[in-house]
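Q:
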Amino acid sequence: MATRDFRIRIGVGATSFVYLADLGDGRFGAVKRVMEDRGGSKKIFLDEVSVLLRISHPNLARLMGSCLEKGEQLLLLEYVPNKTLFDRIHTYHGQSSCILSWSSRLSIALDIARALDYPRSRADPTIIHRDVKSSSILLVDDDHAKLADFGLCNLGYDRPDSETSTTPTSPTSIKGSFGYIDINYLNTGLATPKIDVYSYGVLLLELITGLKSIQGSVTLAEWTEEWRKSDDVEVWANLLDPKLNGNANLEQLSALIHVANLALIENSEGRPEMGQIVGRILS
48 MATRDFRIRI GVGATSFVYL ADLGDGRFGA VKRVMEDRGG SKKIFLDEVS VLLRISHPNL
108 ARLMGSCLEK GEQLLLLEYV PNKTLFDRIH TYHGQSSCIL SWSSRLSIAL DIARALDYPR
168 SRADPTIIHR DVKSSSILLV DDDHAKLADF GLCNLGYDRP DSETSTTPTS PTSIKGSFGY
228 IDINYLNTGL ATPKIDVYSY GVLLLELITG LKSIQGSVTL AEWTEEWRKS DDVEVWANLL
288 DPKLNGNANL EQLSALIHVA NLALIENSEG RPEMGQIVGR ILS
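Each number in the working numbering corresponds to the 1-based position in the sequence shown with 47 added.
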């Protein structure tokens with residue numbers, strides 16, 4: 048078997064474990080084993096297959112095949128060898144490599160903005176990822192990234208004035224990772240594309256500060272709020288990851304903080320679309 052009986056685990060998803068697979072022709076793949084005991088039902092598996100078959104973008108992890116038999120739910124995805132953004136920023140192994148430069152962080156931010164814009168603007172129905180976080184971002188190299196792990200995705204979205212929209216009756220209906228979850232989503236239970244925009248704002252703060260999405264008993268968004276809402280670029284510079292030693296373009300830093308502030312607006316209607324965010328980063 049290509050995975051050698053699932054010996055080499057290379058990642059963990061919201062509902063799955065991911066294993067290295069030797070495809071036998073000099074190529075490798077990543078086998079995502081969706082587990083029922085991690086909440087990975089057959090419906091979740093089939094929904095993810097359906098989503099991955101609909102999308103094709105250089106900044107989205109590519110589906111190479113799938114298997115649903117003998118009690119196994121397996122996805123074969125392209126193998127991206129340089130681990131996740133979380134590993135690169137937050138783990139000892141990742142930090143033992145050269146520091147992720149400011150230009151690399153900016154490039155990764157742009158790649159993921161493009162990745163999130165694609166299923167919103169091109170897919171029908173709209174695809175909401177619902178679990179955007181640094182551990183869902185695979186690094187091709189220091190300057191390029193792909194968004195992965197669509198296990199919690201939502202096809203279509205709820206509208207407050209829709210007869211078909213529903214508000215969850217239990218906390219388990221809310222999907223996502225603490226620290227990244229949209230406050231408005233927590234309050235209303237309505238899944239819209241703007242919940243991914245909120246999570247993207249948290250991701251920007253991670254790239255800027257080098258800090259995890261949770262700081263003690265508060266989220267990174269809460270922890271940075273006072274600094275973020277200042278109009279002083281020197282105050283913003285205090286948010287920079289110390290490992291950068293101040294090596295960052297302050298104009299670009301200002302642009303990213305403005306984008307993060309807009310993405311983290313509590314009223315989701317006030318947040319920009321991902322396409323607008325791409326434009327702001329490029330400008």
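Glycine residues also receive a C-beta, built at the ideal position from the N, C-alpha and C atoms.
Measuring alpha carbon to alpha carbon, tell me which residue in Pro128, Asp171 and Gln299 is nearest Ser151.
A: Here residue 151 is taken as the residue at index 104 of the sequence shown, counted from 1. It is Gln299.
Q: Can you look up Met82 in the DSSP assignment and give me helix, strand or coil?
A: By 1-based counting over the sequence shown, the position of residue 82 is 35. Three-state DSSP puts Met82 in coil, outside helix and strand.
Q: Starting from Phe64 and walking both ways along the beta strand (DSSP E), at which residues does that stretch end?
A: Translated into positions along the sequence shown, residue 64 becomes position 17. Start and end: Ser63 to Asp69.
Q: Assuming Ser63 and Gly223 are in contact, meaning their beta carbons sit under 8 Å apart, how far apart are those beta carbons, in whole angstroms?
A: Against the sequence shown, residue 63 aligns to sequence position 16. Against the sequence shown, residue 223 aligns to sequence position 176. In fact, because the Cβ distance is near 16 Å, the residues do not count as touching under 8 Å.
Q: So Leu258 and Leu251 are supposed to be a Cβ contact under 8 Å. How far apart are they, rounded?
A: Sequence index remark: in the sequence shown, residue 258 carries index 211 (1-based). Sequence index remark: in the sequence shown, residue 251 carries index 204 (1-based). Incorrect: roughly 12 Å between the Cβ atoms, too far for contact.
Q: Rounded to whole angstroms, what's the CA-CA distance from Asn292 to Tyr204? Just pull it up for me.
A: On the sequence shown, position 245 is the one that residue 292 refers to. On the sequence shown, position 157 is the one that residue 204 refers to. The straight-line gap from Cα to Cα measures roughly 42 Å.
Q: Are the segment 74-83 and the segment 111-127 touching, with three or more C-beta to C-beta distances below 8 Å?
A: Segments in contact, yes.
Q: Relative to the alpha-carbon of Glu95, which residue among Lys130, Asn285, Ile175 and Arg54 has its alpha-carbon at the smallest distance?
A: The residue you call residue 95 lines up with position 48 of the sequence shown. The candidate whose alpha carbon is nearest that of Glu95 is Ile175.
Q: For the beta strand (DSSP E) that Gly248 lies in, which residues bound it at each end?
A: For this step, residue 248 is matched to residue 201 along the sequence shown. Note, Gly248: premise wrong, no beta strand (DSSP E); alpha helix (DSSP H) at Lys241 to Thr256.
Q: I'd like the span of the alpha helix (DSSP H) that includes Asp134, first residue to last.
A: The sequence position of residue 134 within the sequence shown is 87, counting from 1. Unbroken alpha helix (DSSP H) run through Asp134: Leu132 to His137.
Q: Would you identify the three-state DSSP class for Leu311, choosing helix, strand or coil?
A: On the sequence shown, position 264 is the one that residue 311 refers to. The answer is coil: DSSP assigns Leu311 none of H, G, I, E or B.
Q: I think Leu93 touches Leu110, with their Cβ atoms under 8 Å apart; what is that distance to the nearest whole Å?
A: Position 46 of the sequence shown, counted from the start, is the residue given in the question as residue 93. Position 63 of the sequence shown, counted from the start, is the residue given in the question as residue 110. No, Leu93 and Leu110 are not in contact; Cβ-Cβ is about 13 Å, not under 8 Å.
Q: For Arg135, count neighbouring Cβ atoms within 10 angstroms of its own Cβ and tell me buried if that reaches 16, exposed if not.
A: Taking the sequence shown and counting its residues from 1, one reaches residue 135 at position 88. Per the 10 Å Cβ criterion, buried.
Q: Would you report the Cα separation of Gly60 and Tyr66, rounded to the nearest angstrom?
A: In the sequence shown, residue 60 corresponds to position 13, counting from 1. In the sequence shown, residue 66 corresponds to position 19, counting from 1. Looking at the two C-alpha atoms, the distance is approximately 11 Å.
Q: Alpha carbon to alpha carbon, how far is Ile102 from Asn231? Give it in angstroms, no decimals.
A: Working through the sequence shown from its first residue, we reach residue 231 at position 184. Working through the sequence shown from its first residue, we reach residue 102 at position 55. About 27 Å.
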